[in-house]
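Novice:
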Amino acid sequence: MGDGSFVSLVGPSGSGKSSLLRAVIGLQQPLSGTVETNLARSQVGILFQDDALLPWKTARDNVALGLTFNGMERRKALAEADAWLERLDLAGFGDRFPRRLSGGQRKRVALAQVLAMKPSLILMDEPFASLDAIVRARIVKDVVALVEREKISVLLVTHDLEEALSLSDEVYLLSQGPRARITEHYPVPIPRPRDPVHSRMHPAFAPLYERLWADLSREVDHRAEAA
Amino acid sequence: MRLDPRYAWMRQLAAFLALLAVWEAAGRADMLNPLYAPSPSRVGAALIDLFSDGRIWPHLEATFSAALGGLALGLAVGILLGVVAALVPFIAELLEPVMTLLNAIPRVILAPLFVIWLGIGLASKVALSFILVAVLIFFTVFTGIRQVDRRLVERVITLGGDRWALVRHVYLPSVASWVLGNLKIAVGFAFTGACVGEFVAATQGLGYLLSFAQSTYNAALMFALILLILVVVLVIFGIAGRLEKHVLRWN
Chain F
11 MGDGSFVSLV
21 GPSGSGKSSL
31 LRAVIGLQQP
41 LSGTVETNLA
51 RSQVGILFQD
61 DALLPWKTAR
71 DNVALGLTFN
81 GMERRKALAE
91 ADAWLERLDL
101 AGFGDRFPRR
111 LSGGQRKRVA
121 LAQVLAMKPS
131 LILMDEPFAS
141 LDAIVRARIV
151 KDVVALVERE
161 KISVLLVTHD
171 LEEALSLSDE
181 VYLLSQGPRA
191 RITEHYPVPI
201 PRPRDPVHSR
211 MHPAFAPLYE
221 RLWADLSREV
231 DHRAEAA
Chain H
9 MRLDPRYAWM
19 RQLAAFLALL
29 AVWEAAGRAD
39 MLNPLYAPSP
49 SRVGAALIDL
59 FSDGRIWPHL
69 EATFSAALGG
79 LALGLAVGIL
89 LGVVAALVPF
99 IAELLEPVMT
109 LLNAIPRVIL
119 APLFVIWLGI
129 GLASKVALSF
139 ILVAVLIFFT
149 VFTGIRQVDR
159 RLVERVITLG
169 GDRWALVRHV
179 YLPSVASWVL
189 GNLKIAVGFA
199 FTGACVGEFV
209 AATQGLGYLL
219 SFAQSTYNAA
229 LMFALILLIL
239 VVVLVIFGIA
249 GRLEKHVLRW
259 N
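Taken in order, these protein sequences are the chains called F and H. The first sequence begins at 11 in the numbering used here and counts up by one. The second sequence begins at 9 in the numbering used here and counts up by one.
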């Protein structure tokens, strides 16, 4: 990856989707095999389900954190952080501590934190699951626009099939664990730039969704039989 | 009737003043034995007496030195041992049973031992204060570090932070917040250690004055001293509270 494509990984719970992301970023050692990547560590960002902002740092300091880790001078990093907060509709919130931000705002700060690093690839582990529908739709729209503009590749892990199809260029289905593997691959022929809500009305969407749904159901039934 | 919570302090103050008035009236009517329950005016007189001839100052100084010395030492050693035990499993193995034991016993029973070891001077009071505070802070830091939010650690690592960044941005602020959260308890412990130490054997200090008041059956002096210690601890609580509020303003 690294060519600006948006790829989703769907599969039943316990198929190791999250573990795969953690292995890619180096938080977890694979039990066997290796992770091959053509990207340096600093080119890969990760967005978790929970925001995991440092509670004792302001929004601005949180965003600047990664930049200073990579050697940027603090003053420059803070200016950069402000610019990213503004781009994510958080102008004026830089001095707030995470506890004084809403769930959606915290998610935006976490996003700014990752985007500020100018990654070539962002790994997303169900990053929008905890948000309510409207907030979620707005953030997802902004994320799509930003990654399209900055040509950032995304590897999204989700069990929301609609989200996977409406955002991705390609969706991969992971089989039931243990010993899960990729069993199906679905290219999504919806053109870019995309609006994640409108792409659900695209004629290619419904048939793909039905296929994906049927295949995933079969995987889940496998487990029921095995048990 | 609905009570407005904003004026709770006024009702509390009024009730307290009423109690004092009844107490004073009962005292003046010779209904209370001044040997046991001296009236508020007598306690007030004893308090003024302590300050007017200035003989209270060396005692206050002694208690403060013991309490603050024990507090500072206890914080330093408690944090150090807590951090080391959390990072080095071997040390944790050795320290945990000792600390658990020290935590289980009422540590003030060590006071006579410290007098034998360190004499009746300041050192034995500092030692008692210290042991009370250090054990508390050790457990605060030790359990705190082991419960540091894994997600914050992972976040800093994935942003490219090294070990030092983890210490500075995750572990230190966490430790600081737990220690500050227990600072008021630690202050209380420090003064407990100082006063009990002085009570056991000393030549000065508020605890020594209390013991003197006891042996001379001077209840008015005793009440005055209790009041004084109360005020001292409240003032330090206030300072600790402000510090806590400032450092933990993110919370």
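We treat Cβ as the ideally placed atom computed from N, Cα and C, and that holds for glycine.
Which residue comes first and which comes last in the beta strand (DSSP E) that contains F16/F?
Specialist: Here residue 16/F corresponds to residue number 6 of the first sequence, with the count starting at 1. Start and end: F16 to V20.
Novice: Going by DSSP, name the residue or residues bridged to D135/F.
Specialist: Translated into the one-based positions of the first sequence, residue 135/F becomes position 125. Answer is V167/F, bridged to D135/F.
Novice: For L102/H, count neighbouring Cβ atoms within 10 angstroms of its own Cβ and tell me buried if that reaches 16, exposed if not.
Specialist: For the purposes of this step, residue 102/H is taken as residue 94 along the second sequence, with counting starting at 1. It counts as exposed.
Novice: Could you pull the start and end residues of the alpha helix (DSSP H) that I145/H belongs to?
Specialist: As a working note, residue 145/H is residue 137 in the second sequence. Note, I145/H: alpha helix (DSSP H), L130 to R154.
Novice: Look at the alpha carbon of L226/F and the alpha carbon of K27/F, and state the distance between them as a whole number of angstroms.
Specialist: As a working note, residue 226/F is residue 216 in the first sequence. As a working note, residue 27/F is residue 17 in the first sequence. Taking the straight line from one Cα to the other gives about 14 angstroms.
Novice: Going by the beta-carbon positions, is the gap between I145/H and L95/H smaller than 7 angstroms?
Specialist: The residue given as residue 145/H occupies position 137 in the second sequence. The residue given as residue 95/H occupies position 87 in the second sequence. Cβ atoms of I145/H and L95/H: not closer than 7 angstroms.
Novice: Could one say the Cβ of R163/H lies closer than 7 angstroms to chain F's Cβ atoms, at least one of them?
Specialist: Position 155 of the second sequence holds residue 163/H. For R163/H, the answer is yes, since a Cβ of chain F falls inside 7 angstroms of its Cβ.
Novice: Using a threshold of 7 angstroms, state whether the C-beta atoms of A62/F and R163/H are closer than that.
Specialist: Numbered from its first residue, the first sequence carries residue 62/F at position 52. Numbered from its first residue, the second sequence carries residue 163/H at position 155. Yes.
Novice: Taking the C-alpha atoms as reference points, what is the distance between L166/F and E173/F?
Specialist: Here residue 166/F corresponds to residue number 156 of the first sequence, with the count starting at 1. Here residue 173/F corresponds to residue number 163 of the first sequence, with the count starting at 1. Rounded to the nearest angstrom, the two C-alpha atoms are 10 angstroms apart.
Novice: Please find out if some non-hydrogen atom of the ligand ZN comes closer than 6 angstroms to the beta-carbon of L30/F.
Specialist: Absence of the ligand ZN is noted for the structure shown, with no ligands found whatsoever.
Novice: Can you grab the Cα-Cα spacing for the pair E83/F / L171/F, in whole Å?
Specialist: Residue mapping note: residue 83/F aligns to position 73 of the first sequence, counting from 1. Residue mapping note: residue 171/F aligns to position 161 of the first sequence, counting from 1. Their backbone Cα atoms lie some 42 angstroms apart in a straight line.
Novice: Could you tell me the distance, in whole angstroms, from the CA atom of L109/H to the CA atom of F58/F?
Specialist: Position 101 of the second sequence, counting from 1, holds the residue named residue 109/H. Position 48 of the first sequence, counting from 1, holds the residue named residue 58/F. Taking the straight line from one Cα to the other gives about 42 angstroms.
Novice: So, is D71/F buried or exposed, given that buried needs 16 or more other C-beta atoms within 10 angstroms?
Specialist: Reading the first sequence from its first residue, position 61 is the one you call residue 71/F. It counts as buried.
Novice: Going along chain F, which residues have a C-beta under 9 angstroms from L160/H?
Specialist: As a first step, residue 160/H is located in the second sequence; it is residue number 152 there, counting from the start. By Cβ distance, chain F contributes A62, L63, L64 and P65.
Novice: Counting only the same chain and skipping the five closest in sequence on each side, list residues whose C-beta sits under 7 angstroms from that of L256/H.
Specialist: Indexing the second sequence from 1 puts residue 256/H at position 248. Here the set comprises S185 and L188.
Novice: Kindly provide the ranges of any alpha helix (DSSP H) runs that are 4 or more residues long and lie completely inside the segment 148-195 of chain H, ordered along the chain.
Specialist: If we require 4 residues or more, the alpha helix (DSSP H) runs fully inside the segment 148-195 of chain H come out as 158-166, 171-174 and 180-189.
Novice: Could you spell out where the alpha helix (DSSP H) holding G113/F opens and where it closes?
Specialist: Numbered from 1 along the first sequence, position 103 holds the residue referred to as residue 113/F. G113 to L125 is the span of the alpha helix (DSSP H), which, as asked, contains G113/F.
Novice: Pick helix, strand or coil for H212/F, following the three-state DSSP scheme.
Specialist: Stepping through the first sequence from its first residue, residue 212/F is reached at position 202. DSSP places H212/F in coil when its eight states are reduced to three.
Novice: With DSSP as the reference, identify every bridge partner of V198/F, one or two as the case may be.
Specialist: On the first sequence, position 188 is the one that residue 198/F refers to. In DSSP, V198/F forms no bridge with anything.
Novice: Just to check my reading of the structure: G213/H and A228/H have Cβ atoms closer than 8 angstroms, yes? What is that Cβ distance to the nearest angstrom?
Specialist: In the second sequence, counting from the first residue as 1, residue 213/H sits at position 205. In the second sequence, counting from the first residue as 1, residue 228/H sits at position 220. With a Cβ gap of about 19 angstroms, G213/H and A228/H do not count as contacting.
Novice: How about V92/H and I99/H: do their beta carbons lie closer than 7 angstroms?
Specialist: Your numbering for residue 92/H matches position 84 in the second sequence. Your numbering for residue 99/H matches position 91 in the second sequence. Cβ atoms of V92/H and I99/H: closer than 7 angstroms.
Novice: Helix, strand or coil for I247/H? Go by DSSP, reduced to three states.
Specialist: On the second sequence, residue 247/H is found 239 positions in, with the first residue counted as 1. I247/H: helix per DSSP, three-state reduction.
Novice: Identify which residue in S23/F, W223/F, I35/F and I56/F has its Cα closest to the Cα of P137/F.
Specialist: Indexing the first sequence from 1 puts residue 137/F at position 127. Nearest option by C-alpha distance: I56/F.
Novice: Can you check which of these residues, F245/H, I87/H, E32/H and A209/H, is closest to V149/H by C-alpha distance?
Specialist: Along the second sequence, one-based indexing puts residue 149/H at 141. Minimum Cα distance to V149/H is reached at I87/H.
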